[in-house]
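Below is one structure; the comments refer to it alone.
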Amino acid sequence: MTLRHWMLVLLTAALFGSSFFFIKLAVADVPPLTVAAGRALVAALVIAAFAATLGARLPRPGRQWRPLLVVGLLTAILPYALIAAGQAYIDSALGGILFASIPLFSVFLARAFLPDEPLTPARVGGALIGLAGVAAVIGPRALAGFSDQLAGVFMTLLAAASYAAGAVYTRGRTSASPLVLAMGQMFVAAPVLTVPALLADRPWTLTPPASAFGALVAVGLVSTALPTLLFFRLVRELGATRTSILTFFMPVFAVLLGTLVLGERPDLGAYAGFALILVGAMMINRASRPPSPGSAGRPGTG
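If you use our numbering, the sequence shown corresponds to residues 130 to 431, in order.
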């Protein structure tokens, strides 16, 4: 890869990784469900505008919408709501660390639903190392008994599992381009998240400070829409396999923003778990069959 490509990879990873930082700022003053809805709405508008300039269109109502509905549920509705709720209880750095566990869930889900994805020794080893990392993160909190922080940990892990399920589901289920898939994903998520947010949170009655409103817009624009569009560009220029390397940098940026900007201090168990999760994810990635450039979807995003 050229220096320009490396810069684009790091920029895309940094933008995706910043989602936990902006969500943490937003949920301090805005209910989590409204944060999730706002994220989907902003991203849907930006991605739709970009798609329109390229002439990309959503499929007509019919069977082709079925996979878009499932993908929207698994990779946007559930993760966005769960991550926002989890960030109300845990640090953004910890959220980024836990969300890096997506490949661990993908291994077992792929084995269950994709016959051409066997459980090789390398994949099993990577998954076990990664699970040990998750245990290192959860362990001290679990020993202290059930708490709001432990609830936040499990909500973030459920978000990672949901995203992994969505990624596995898209394999061979749809012929839609990644851009159309992302547009459909957001068009499904935006109304489904917005309606309950309007009913439950009555956001028009809220008076959040400008910083919270800015963070809400930023998570939709900076952390979701813009990196998604950069991701498509990288896939076109590099292919899916080389572009996938950015997934290893995303949690690093989440941790850096949390520690350097928000002053968070993850404990030793969190850092040890982070290292094990990354090692496990890299082992799984190396042992996996490289996807074709046309089969790439979006990377796991917070």
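Beta carbons: idealized from backbone N, C-alpha and C, even for Gly.
Contact between Gly295 and Thr372 is ruled out by a C-beta separation of about 18 angstroms, above the 8 angstroms threshold.
Met312: member of the alpha helix (DSSP H) spanning 307 to 330, first to last residue.
Nearest to Phe382 by alpha-carbon distance, out of Arg240, Phe149, Trp333, is Phe149. Counting along the chain, Leu391 sits inside no alpha helix (DSSP H), nor does DSSP assign it H or E at all.
Contact between the region 158 to 165 and the region 393 to 411 is absent: fewer than three C-beta pairs spanning the two stretches fall below 8 angstroms. Assigned with DSSP and collapsed to three states, Ile226 falls in helix.
A check of alpha carbon separations from Leu358 across Ala181, Leu287, Ile152, Gly409 identifies Ala181 as the nearest. By the Cβ test, the region 316 to 326 is in contact with the region 168 to 176, since at least three Cβ pairs between them sit closer than 8 angstroms.
When secondary structure is reduced to three states using DSSP, Leu335 falls in the coil class, being assigned neither helix nor strand. Non-local C-beta neighbours of Thr388 in its own chain, meaning closer than 8 angstroms and more than five positions away in sequence, comprise Ala222, Arg394, Pro395, ordered along the chain. In this structure Asp220 is buried. Its beta-carbon is surrounded by 16 or more other beta-carbon atoms within 10 angstroms. About 6 angstroms separates the CB atoms of Leu227 and Val282; that is less than 8 angstroms, so the two are in contact.
For the 8 angstroms CB-CB criterion, Ala329 and Leu211 do not form a contact. When only Cα atoms are considered, Ala401 and Val384 end up about 13 angstroms apart. With a cutoff of 8 angstroms on beta-carbon distance, Thr141 and Leu363 are scored as near each other. Shown here for Leu350: same chain residues with a beta carbon closer than 8 angstroms to its own, the five before and five after excluded, namely Val171, Ala172, Val175 in chain order. Annotated three-state conformation of Ser340 is helix, per DSSP. Minimum Cα-Cα distance from Leu397 among the listed residues Gly268, Ile206, Pro196, Ser235 corresponds to Gly268. Gly225 is not a Cβ neighbour of Gly343, given a cutoff of 8 angstroms.
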